[in-house]
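First the structure, in the form of structure tokens, and then the observations on it.
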Amino acid sequence: MATPKTIGSNQIQAAIARIAEAISARHDQPGPLILLGIANGGITLAQRLAGHLRLKRTGTLDISFHRDDIGRHPIPKEFAPTVLPADVTGATVILVDDVLFTGRTVKAALDELFDHGRPAKVELAVLVDRGGRLMPVAADYTGLTLSPAAGEKVVVTLDEKHPDRERIEISVAKSKIENPKLACRSLGIGGSKIF
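Structure follows, in structure tokens:
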């Protein structure tokens, strides 16, 4: 098994600062600017960016019911509900997430956002762009660009209370089927089939 690769807190802090500077350069007049963290990975990042930008209009988007894989991945026990700090109609909204991968999460976030109004403009800020897009989605602001292998996962840990403990780990993804009996049953081998 390959050793996980780790990016430490100093690089993460620098990446967040670069994103905030890029947003500030593009939006030198705050106007109706709203940052919305996509639950769960984007919430802490959105709050951190809002601190850098001195922006009070920050909220969260719960995309649970807009996911295209909801049948395979039921709604998590812990989730953050959608909280909008202001009316999004006519505003410039920046969606914030920790990792951009296939683009499906962003699509679900757009669906949730447009359920609440019609923004004038929507932008995307991500801490990590790992490539591998399956949908035509690109970030407007990117902190880090990584190129992990197809079988690797990127896990971002942001800690509000202890920023020095923050890290990004790139490691081999675990198999989804870890129990051989369950694997045989789900394939219809040796007995009943599990749905």
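So that you can map any letter, position 63 of the sequence shown is 67 in the numbering used here, and since no number is skipped, the others follow by simple counting.
Note that the Cβ used here is the ideal one computed from N, Cα and C, for glycine as well.
If you draw a straight line from the Cα of Leu148 to the Cα of Ile20, it comes to about 9 Å. If you draw a straight line from the Cα of His56 to the Cα of Ala153, it is about 33 Å long. Counting other Cβ atoms within 10 Å of its Cβ, Thr86 reaches 16 or more and is therefore classed as buried. Under DSSP, the beta-bridge partners assigned to Glu127 are Ile98. The distance from the Cβ of Ala124 to that of Ile38 is about 11 Å, inconsistent with a contact at the 8 Å cut-off. Counted as a single uninterrupted DSSP element, the beta strand (DSSP E) harbouring Val176 occupies residues Arg171 to Val176.
Using a 10 angstroms sphere on the CB of Leu138, the tally of other CB atoms stays under 16, which defines it as exposed. Assignment of beta-bridge partners to Leu37 by DSSP yields Thr96. Each of Gly45, Phe69, Asp91 and Ser68 was checked against the Cα of Arg61, and the nearest Cα belongs to Asp91.
For Val100, same chain residues with a beta-carbon under 7 Å away, outside a window of 5 residues either side, are Leu39, Leu40, Gly41, Ile42, Gly46, Leu49, Ala50, Leu53 and Ala129 in chain order. If one requires a minimum length of 3 residues, the beta strand (DSSP E) runs lying completely within the stretch 102-158 are 125-133 and 145-149, in chain order. Between Ala29 and Tyr145 the beta-carbon gap is near 10 Å, outside 8 Å, which marks them as no contact. When Leu117, Pro89 and Phe105 are compared, the shortest CA-CA separation from His70 is found for Leu117. The continuous beta strand (DSSP E) containing Thr64 extends over residues Thr62 to Leu65. In this structure, the alpha-carbon of Thr161 lies about 13 Å from that of Gln15.
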